[in-house]
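Worksheet: one structure, shown below.
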Amino acid sequence: MHALREAWAALRRAPLLTALSAAMVALALFVVGLFGVATWNLQQALSRIEDRVEVVAYVRDDARQDELTLAETELLRMPEVRDVRYISKEEALISARQDLPEFEDLFMELEVNPLPASLEIELEEGFRTPDAVARVAELAAVYPFIEDVRYGQEWVDRLFLLQRIGAITTGVLGTAFAVVAALIIGTAIRIALFARREEIYVMRLVGATRGFIRRPFLLEGAFTGVVGGLLAVALTYASFLTVSRLIFPLEWIPLSWMLAGVGAGVIFGLIASALAVRRHLREI
Amino acid sequence: MAGRFPDSPSLPSSVFPRQRSVIKLTGVTKEYPRRGRALDDVSFHLQKGEFAFLTGHSGSGKSTTLRLIHMADRPTRGEVLVSGFSSETTSEREVWKVRRRVGMVFQDFRLLPGRTAQENVEFVLEVTGTPRSTISTRAGRLLAQVGLSAKTGARVEELSGGERQRVAIARALGNEPLVLLADEPTGNLDERASRGILDLFRDLNASGMAVLMATHDLELVRAYPDIRLLELSEGRLVYDSTAEEAPGLPASRDRDAQPDLGSLQGRS
């Protein structure tokens, strides 16, 4: 009770600083929030296209049927592999005609079928990660009658690279804002401490516990963190709406992510104020 | 409370006979980085319910002694034992436990300005965990105990020096301490107010509270010849009026070698 009342009094004593600290916490978490939305949507997109992740092994024209059958059986024995389909040269040409009607004329004029036969290797769920795909592709490439193996490596790698760049940017920007937020929270706590230094002196004199003396200031920090966290969620939501309406539709992050964001604000506020209290209590 | 006054078995019983010491200093030396040695091998103890003056010129180490007992500071060497809490083992985190057994008042009162006498006492009760419903009544009772019933609603600025010191004493009594430390409590008061404070201390002492009062007011000390007297000079304990009962203290040895003490020795 005492702590709550004192924390409230401190907030009212320096409302501008409190607002500023909350705004900085909000900015730091906002950056993280934007990254969160991007990551979430990327994950959703990945899970949707995961079903289509497959390895295509192109077969040389001179491959023998028994070799192919043996390879199919061996590949099917791998735990990662769900199914292996043989696509003959003719089938490849037919589906190419269907897929690319604008080249119909070109295909008709062909004297020899230029398309290779292939083995389409479908993967089990849970083995559609870049690592697993690469492992299967490598094994398929070992067969001498396999000319080339494709599995959409380029774009998978590019997506992950994008995500990594996003994470680094988030880390740098988020940390910068967090440091500023910590400094401002520290200043606010310092002002609150000095405004109450006579009371703190008396509290120590008569044997108030350390926790009792510190609690109001920690509460103040936690409160700043909550406000900052909620503000960050609001800012993130506003950006999400803007992008969704004007550029391309996005999915909003789950509730647990939002709660984690606000929780991070609280913990951050607590840590920043605890450090400030530790440091400045010694000065009075 | 069990174990509140554990006697230290490591001390020679000839110097400190087994008794209920509230405060026990053993070979206490305190050195400050710039000021040098403030206390030099000081040993004495104060029993439960005992009253003692601590005198000496300014800079003789009186305030340092009280600060060490209040654990606002730690000795460089030696041990301060307060109500079973040793300066060697009590962590900063636990100092509050010592503070609740040791009341402290100062020459400059150190009350919260802008608040009434009642509010000053209530604040202390609140921060030491007194149930809210009883705070107001208890504060009133404490102020009555120090003779300020009529002034509970007066702000600190409206009170005289003597009255302010009484508020500070009421505040110190909030924890029902075993011992009251007073650092020049009459330093800012006229003679009449000083006597009033001393009489109050004697009343509190009569009800069982130990009192250790630092003062350089020799007039006052002389007026109470029955109160034990400890004298510090340049950080050393040079006189203890009860030294005869505790042979081995430096006081009995140095007694005649201290010309400063002439005026005091004739008092009893």
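The listed protein sequences correspond, in order, to chains A and B.
Going by this note's numbering, the first residue of the first sequence is number 1, and it counts up by one from there.
Going by this note's numbering, the first residue of the second sequence is number 1001, and it counts up by one from there.
No residue lacks a Cβ here, since even glycine has one placed at the ideal position from N, Cα and C.
This one's a predicted model, so the numbers in the text were calculated from it and none came from an experiment.
CB contact check: residue i to chain A, cutoff 8 angstroms
{"i": "N1175 of chain B", "result": "yes"}
{"i": "F1123 of chain B", "result": "yes"}
{"i": "R1171 of chain B", "result": "yes"}
{"i": "S1133 of chain B", "result": "no"}
{"i": "M1104 of chain B", "result": "yes"}
{"i": "L1112 of chain B", "result": "yes"}
{"i": "R1099 of chain B", "result": "yes"}
{"i": "T1128 of chain B", "result": "yes"}
{"i": "R1155 of chain B", "result": "no"}
{"i": "R1093 of chain B", "result": "yes"}
{"i": "E1245 of chain B", "result": "In this prediction, E1245 of chain B scores a pLDDT of 49, lower than 50, which makes its location untrustworthy; no coordinate-derived value is stated."}
Straight-line Cα distance separating residue j from residue i
{"i": "R128 of chain A", "j": "I168 of chain A", "result": "25 angstroms"}
{"i": "V286 of chain A", "j": "F248 of chain A", "result": "Missing from the structure shown is residue 286 of chain A; chain A here goes from 1 to 284 and no further."}
{"i": "V1042 of chain B", "j": "L1054 of chain B", "result": "12 angstroms"}
{"i": "K1048 of chain B", "j": "I271 of chain A", "result": "44 angstroms"}
{"i": "A1052 of chain B", "j": "V202 of chain A", "result": "25 angstroms"}
{"i": "E147 of chain A", "j": "F177 of chain A", "result": "52 angstroms"}
{"i": "D1217 of chain B", "j": "L1232 of chain B", "result": "14 angstroms"}
{"i": "L16 of chain A", "j": "E198 of chain A", "result": "23 angstroms"}
{"i": "D11 of chain A", "j": "T18 of chain A", "result": "According to the sequence as given, residue 11 of chain A is Leu; it is not Asp. Looking at the two C-alpha atoms, the distance is approximately 6 angstroms."}
{"i": "H1057 of chain B", "j": "R279 of chain A", "result": "36 angstroms"}
{"i": "T69 of chain A", "j": "A63 of chain A", "result": "11 angstroms"}
{"i": "L106 of chain A", "j": "R97 of chain A", "result": "9 angstroms"}
{"i": "V1121 of chain B", "j": "Q1145 of chain B", "result": "12 angstroms"}
{"i": "R158 of chain A", "j": "P116 of chain A", "result": "27 angstroms"}
{"i": "I200 of chain A", "j": "A1223 of chain B", "result": "37 angstroms"}
{"i": "R214 of chain A", "j": "E1191 of chain B", "result": "41 angstroms"}
{"i": "I1135 of chain B", "j": "E1126 of chain B", "result": "7 angstroms"}
Residue i: first and last residue of the uninterrupted alpha helix (DSSP H) it sits in
{"i": "D148 of chain A", "result": "Taken as a continuous stretch (DSSP letters only), D148 of chain A belongs to no alpha helix (DSSP H), being part of the beta strand (DSSP E) at 146–150."}
{"i": "T1029 of chain B", "result": "Element bounds for T1029 of chain B: not the alpha helix (DSSP H) but the beta strand (DSSP E), 1021–1032."}
{"i": "I1135 of chain B", "result": "1132–1145"}
{"i": "S95 of chain A", "result": "89–99"}
{"i": "R135 of chain A", "result": "130–141"}
{"i": "G318 of chain A", "result": "Because residue 318 of chain A is not part of the residues shown, which for chain A are 1 to 284, the question remains open."}
{"i": "Y1239 of chain B", "result": "No alpha helix (DSSP H) holds Y1239 of chain B; the beta strand (DSSP E) holding it covers 1236–1240."}
{"i": "M1104 of chain B", "result": "No alpha helix (DSSP H) holds M1104 of chain B; the beta strand (DSSP E) holding it covers 1102–1106."}
{"i": "G1162 of chain B", "result": "1161–1173"}
{"i": "G1078 of chain B", "result": "Here G1078 of chain B belongs to no alpha helix (DSSP H); instead the beta strand (DSSP E) covers 1077–1082."}
{"i": "Y58 of chain A", "result": "Unbroken run through Y58 of chain A is the beta strand (DSSP E), 54–59; no alpha helix (DSSP H)."}
{"i": "F1053 of chain B", "result": "It is not in any alpha helix (DSSP H) - F1053 of chain B instead sits in the beta strand (DSSP E) that spans 1051–1055."}
{"i": "A222 of chain A", "result": "210–246"}
{"i": "M203 of chain A", "result": "197–206"}
Test item: CB-CB of residue i and residue j under 8 angstroms
{"i": "L218 of chain A", "j": "I284 of chain A", "result": "no"}
{"i": "T170 of chain A", "j": "F35 of chain A", "result": "yes"}
{"i": "V1105 of chain B", "j": "A1168 of chain B", "result": "yes"}
{"i": "V1221 of chain B", "j": "A1182 of chain B", "result": "no"}
{"i": "M1209 of chain B", "j": "P1185 of chain B", "result": "no"}
{"i": "I87 of chain A", "j": "E54 of chain A", "result": "no"}
{"i": "L1142 of chain B", "j": "S1149 of chain B", "result": "no"}
{"i": "R1089 of chain B", "j": "K1030 of chain B", "result": "Arg is not the amino acid found at residue 1089 of chain B; the sequence shown has Thr there. Not a contact, by the Cβ cut-off of 8 angstroms."}
{"i": "G1140 of chain B", "j": "Q1118 of chain B", "result": "yes"}
{"i": "A71 of chain A", "j": "S118 of chain A", "result": "no"}
{"i": "G1235 of chain B", "j": "A1038 of chain B", "result": "yes"}
{"i": "D1240 of chain B", "j": "F1109 of chain B", "result": "no"}
{"i": "V25 of chain A", "j": "T236 of chain A", "result": "no"}
{"i": "I1197 of chain B", "j": "L1189 of chain B", "result": "yes"}
{"i": "E251 of chain A", "j": "Q44 of chain A", "result": "yes"}
{"i": "G1059 of chain B", "j": "V1028 of chain B", "result": "no"}
Endpoints, the beta strand (DSSP E) within which residue i is located
{"i": "D1203 of chain B", "result": "It is not in any beta strand (DSSP E) - D1203 of chain B instead sits in the alpha helix (DSSP H) that spans 1191–1206."}
{"i": "H1045 of chain B", "result": "1036–1047"}
{"i": "A117 of chain A", "result": "117–123"}
{"i": "T69 of chain A", "result": "Counting along the chain, T69 of chain A falls outside any beta strand (DSSP E), though it belongs to the alpha helix (DSSP H) covering 65–77."}
{"i": "M1213 of chain B", "result": "1210–1214"}
Short CB-CB distance (under 8 angstroms) between residue i and chain B
{"i": "V202 of chain A", "result": "yes"}
{"i": "F194 of chain A", "result": "no"}
{"i": "A276 of chain A", "result": "no"}
{"i": "R210 of chain A", "result": "yes"}
{"i": "L205 of chain A", "result": "yes"}
{"i": "E199 of chain A", "result": "yes"}
{"i": "R5 of chain A", "result": "no"}
8 angstroms Cβ cutoff, residue i in contact with chain E
{"i": "H2 of chain A", "result": "Checking the listed chains, one finds no chain E in this structure; the protein chains it contains are A and B."}
Distance cut-off 7 angstroms: residue i Cβ against heavy atoms of the ligand NAP
{"i": "T242 of chain A", "result": "The ligand NAP is not among the ligands present in this structure, which contains no ligands whatsoever."}
### Query
Taking contact to mean at least 3 C-beta pairs separated by less than 8 angstroms, is the region 178–190 of chain A in contact with the region 1088–1105 of chain B?
no
#### Entry: the region 1023–1041 of chain B in contact with the region 1071–1084 of chain B per 3-pair CB rule at 8 angstroms
yes
#### Entry: the region 214–228 of chain A contacting the region 258–278 of chain A, beta-carbon criterion three pairs below 8 angstroms
yes
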